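Letter by letter, the sequence shown follows residues 1 to 413 of full-length UniProt numbering.
The beta-carbon is built from N, C-alpha and C at its ideal position, and this holds for glycine as well.
Nothing here was measured: the structure is a model prediction, and the numbers come from that model.
In what follows, a single structure is set out as structure tokens and then discussed.
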Amino acid sequence: MRPSLSDRPRRVVIVGGGPAGLMAAETLAGHGLQIDLFDAMPSLGRKFLLAGVGGMNITHSEPLAPFLSRYAERAEQIAPWLDGLGPEQLRYWIHGLGIDTFVGSSGRVFPTDMKAAPLLRAWLHRLREAGVQCHVRQRWLGWDEAGRLRFAGPDGEHSLEADALILALGGASWSRLGSDGAWVALLRPHGVDIAELEPANCGFDIGWSEHFRARHAGAPLKTVAVEFAGERRRGEFVVSASGVEGSLIYAFSARLRKAITQQGSATLLLDLLPDRTAEKVYAEVSHPRGSRSWSSHLQSRLGLTGVKAGLLRECLDKEAFNDSKRLAAAIKALPLTLHAPRPIDEAISSAGGVRFEALDSHLMLKTMPGVFCAGEMLDWEAPTGGYLLTACFASGRMAGLGALDWLSQREEK
């Protein structure tokens, strides 16, 4: 980065128009700066909008301590972000945009209308009123030989100077929405330490039989529990054509991915009837079935039908299925062996990115003074449920404050 020595207002360039980049712009607005936000896509916040199609889960209402634990080994680094913009503050901020929120039965927080578009429209209007200049269809290409920022747009390539740069370029999932990980090749030559980008909040391959796939692909598994690596969670997920996906699987995705990397596969235990004890299940399975088929017997005694019954047939051999004790045990702890995560471009988010060791406490790159990073391009991950989005917002604020502090220190010298 080469500081501008002209008399014009100091310019901060933000690259990336998702939640982190937009929050950085908001943090900088009102400080007498020229703020230019660039995005490669035709409009801002595209991934944010798509994530809200099924209901915009903005954050979570649980207390801060368990909330922070969702960031696992990166909780210590993310804690300072949430001190300034945690889940409660984020709700107040949303209310300031004229958007009401409510807490769902799962503890997740949603806008009252469940939509992302009104929130984004109100936010962009406020940013533009504050003087933030937004430039779309502008792909960042790195730096030229003079240290200026290079962009390619519909009218060709151009360069510009900036006094500070905030990168909020996302990870590598959903490349059609702009998060393609191309920034890795632009930063590594500058000595930036970057962990390999991997799928997070993703589905996993199992390798169903054609019979099971044809009958049950797309079927939801409701009111089930999953146990893996000593942790048990209740929820629901979906049987996909290749394996499994959905919120309950995403909650374990980081540990499942690591186990597959280390061991070649990962086996979780699925409780098909978490509201019934093992003793009760065994008693019902062992009840004389007379002339009824096993399918009729399981439906009559335990209500097991559809995809749940299909899973038992898929995962147990004939001998085990006809053994009451083994069948009952499988209903309460059915092993599902996962062989690989789905491709990163199918994932909701990605893990890996700029390592925290490459950044100072204000999210500035140690090898590139004046360059800050925020959002999903950093080396952290979180499950769905509002945790990912909250930290993206909070990191954008942290990077914005970092840029303000850095510019202030340079002005004093």
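About 6 angstroms separates the beta carbon of L327 from that of V285, a gap short enough to meet the 8 angstroms contact definition. As for any alpha helix (DSSP H) of minimum length 4 sitting wholly inside the stretch 167–197, the runs are 183–187, ordered along the chain. When DSSP states are grouped into helix, strand and coil, V239 belongs to the strand group.
Sixteen is the threshold: when 16 or more other Cβ atoms of the shown chains lie within 10 Å of the Cβ of E198, as they do, the residue is buried.
Distance from the CA atom of M377 to the CA atom of H216, rounded to whole angstroms, is 36 angstroms. Within its own chain, the residues whose Cβ lies closer than 8 angstroms to the Cβ of K47, once the five positions on either side in sequence are excluded, are G18, G170, W174, L177, G178, S179, listed in chain order. For Q138, there is no enclosing alpha helix (DSSP H), as DSSP marks it with neither H nor E.
Residue pairing by DSSP places C202 in no beta bridge whatsoever. Look at H125 here: in three-state DSSP terms it is helix. Rounded to whole angstroms, the separation of the alpha carbons of G107 and H60 is 6 angstroms. Beta-bridge pairing by DSSP links L221 to F237. Straight-line measurement puts the Cα of Y387 at about 19 angstroms from the Cα of I344. W81 and F356 have their C-alpha atoms some 13 angstroms from each other. Cβ neighbours of D36 within its own chain (closer than 6 angstroms, five residues either side excluded): V13, Q133.
Between R397 and L165, the alpha-carbon positions lie close to 14 angstroms from each other.
Cβ neighbours of S350 within its own chain (closer than 7 angstroms, five residues either side excluded): G171, A172, S173, L197, E198, P199, A200, I344, E376. Annotation: I344 is outside any beta strand (DSSP E) and is labelled neither H nor E by DSSP. For R121 and G353, the gap between their C-alpha atoms comes out near 29 angstroms.
A65 sits exposed, since fewer than 16 C-beta atoms from the chains shown fall within 10 Å of its C-beta. Excluding five sequence positions before and after H95, none of the CB atoms of its chain fall closer than 6 angstroms to its own CB. The continuous beta strand (DSSP E) containing D36 extends over residues 34–38.
In the three-state reduction of the DSSP assignment, A382 falls in the coil class. Going by DSSP, A51 is part of no beta strand (DSSP E) but of the alpha helix (DSSP H) stretching over 46–51.
Where P66 is concerned, the enclosing alpha helix (DSSP H) starts and stops at 64–69.
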